[in-house]
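J.: Dropping the structure in here first, questions after.
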Amino acid sequence: VQLQASGGGLAQAGKSLRLSCRARGSDFSINDMAWYRQAPGKQRELVAQISYAGSTRYADSVKGRFTISIDNAKNTVYLQMNSLKLEDTAVYYCYAELSQLRKFDAWGQGTLVTVSS
Numbered sequence: 171v172q173l174q175a176s177g178g179g180l181a182q183a184g185k186s187l188r189l190s191c192r193a194r195g196s197d198f199s200i201n202d203m204a205w206y207r208q209a210p211g212k213q214r215e216l217v218a219q220i221s222y223a224g225s226t227r228y229a230d231s232v233k234g235r236f237t238i239s240i241d242n243a244k245n246t247v248y249l250q251m252n253s254l255k256l257e258d259t260a261v262y263y264c265y266a267e268l269s270q271l272r273k274f275d276a277w278g279q280g281t282l283v284t285v286s287s
């Protein structure tokens, strides 16, 4: 199973971007998916998480600005990022906990989000 992320890029502060991440493979099920980010010189942190049933949680820094959603039919998770701030600049990584006879973790390749003033 591979996670393919897309949608990063350059945006001005206050604007929006949407990230997508699709899980590709066969004979697997999704337990939950999430977005993490890592800014230069900082540790990777959880941004938002969503279960297959739709339960969500967010980092305090993005609550009210970012929305995570999942399209189960497409095995795709989205991160709608509104009111972007300079401190949102980071490489964003898609994560999934999957099941395929057993549980395992998968990570996407990372997509760069740069917010400019």
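Throughout, the numbering used here is defined as the position within the sequence shown, counted from one, plus 170.
Note that CB positions come from ideal geometry on N, CA and C, so glycine has one too.
All values reported here derive from a predicted model rather than from experimental measurement.
(1) Report the partner residues of Phe198 according to the DSSP bridge assignment.
(2) Tell me which residue opens and which closes the beta strand (DSSP E) that Asp258 is part of.
(3) Could you spell out the range, first to last residue, of the beta strand (DSSP E) harbouring Lys185?
(4) So, for Val285: in the same chain, excluding its five sequence neighbours on each side, which residues have a beta-carbon less than 6 Å away from its beta-carbon?
(5) How long is the line joining the alpha carbons of Asn242 and Tyr222, rounded to whole angstroms?
(6) So, with DSSP's three-state summary, where would you put Ala218?
T.: Taking the definition as stated:
(1) None, per the DSSP bridge assignment.
(2) No residue range can be given for Asp258, since it is assigned to no beta strand (DSSP E) and is classified by DSSP as neither H nor E.
(3) For Lys185, there is no enclosing beta strand (DSSP E), as DSSP marks it with neither H nor E.
(4) Within the same chain, Val285 has close Cβ partners Ala181, Ala183, Leu254, Leu256, Asp258 and Thr259.
(5) Approximately 7 Å, taken between the alpha carbons.
(6) Three-state result, Ala218: strand.
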